[in-house]
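Q: Below are the structure tokens for one structure; questions will follow.
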Ligand SMILES: C[S@@+](CC[C@H](N)C(=O)[O-])C[C@H]1O[C@@H](n2cnc3c(N)ncnc32)[C@H](O)[C@@H]1O
């Protein structure tokens, strides 16, 4: 980042991606985020201990969940997503998937871990900071894997629905540290005791 106002180098103007279709999600996201699978692996690597109770924000088709459960098979994952198609599809596979928004009060904790991959950037900065305060009160740890402001900016950005920040801003707001970065992707981990 060179101090100039950040603008995405790859910008899309229609919110076509916001309402993800579970049938095409994986193919689309892998095309848009070439290091998608690496991001999932690095997010799970950042989990600081074997968690029992996990809350996943923006669970989508459950890609992060699968990676998490492969590493921590005893974890119980409660997932939420604001997209009803994603939620209804994933309920065929997991018991506890809720139709809910990250910006609303979270399901009752306490949680060992709150994890969010490629979802937090849909919140505005104020919404992110409010969410991080809530998470801090109810969870022992937070792991974020997401698209961030960086060069090269690889991931297409929809200025109407995508609000990435720098990895350092996210780390500062959640009281965490950056554990991995590559291109415009980063993983941030915060431990709250
Ligand atoms: C790019 S997908 C990521 C899904 C999954 N975490 C993964 O890594 O494959 C983003 C998901 O966040 C969900 N989402 C977007 N805004 C949300 C919000 N405000 N509250 C809850 N879920 C949201 C979308 O519906 C979508 O399923």
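Numbering (this note's numbering), first residue to last: 697 to 889. Yeah, the Cβ is synthetic: ideal placement off N, Cα and C, and Gly gets one too. Keep in mind that this is a model prediction, so the values were computed, not measured.
Of all the options 725, 742, 876, 799, which has the alpha carbon lying nearest to the alpha carbon of residue 778?
A: 799
Q: I think residue 871 touches residue 886, with their Cβ atoms under 8 angstroms apart; what is that distance to the nearest whole Å?
A: 5 angstroms
Q: Locate the alpha helix (DSSP H) running through residue 797, then write down its first and last residues.
A: Segment: none, residue 797 is in no alpha helix (DSSP H) and carries neither H nor E.
Q: What does the alpha-carbon distance come out to for the pair residue 727 and residue 847?
A: 18 angstroms
Q: Ligand 1 and residue 815: does any heavy atom of the ligand fall closer than 6 angstroms to the residue's C-beta?
A: yes
Q: Tell me which residues share the same chain as residue 823 and place their Cβ nearer than 8 angstroms to its Cβ, disregarding the 5 neighbours each side in the sequence.
A: 798, 799
Q: Is the distance from the Cβ of residue 753 to the Cβ of residue 812 below 7 angstroms?
A: yes
Q: Within 10 Å of its beta-carbon, does residue 759 have 16 or more other beta-carbons around it, so buried, or fewer, so exposed?
A: buried
Q: Quick one: what does DSSP say residue 755 is sitting in, helix, strand or coil?
A: coil
Q: Based on Cα-Cα distance, which residue from 851, 840, 804 lies nearest to residue 868?
A: Of the candidates 851, 840, 804, the one whose C-alpha sits nearest the C-alpha of residue 868 is 840.
Q: Check residue 856 in the structure and name its three-state DSSP category.
A: Three-state DSSP puts residue 856 in coil, outside helix and strand.
Q: I'd like to confirm something about residue 717: is its beta-carbon nearer than 6 angstroms to some heavy atom of ligand 1, or not?
A: no
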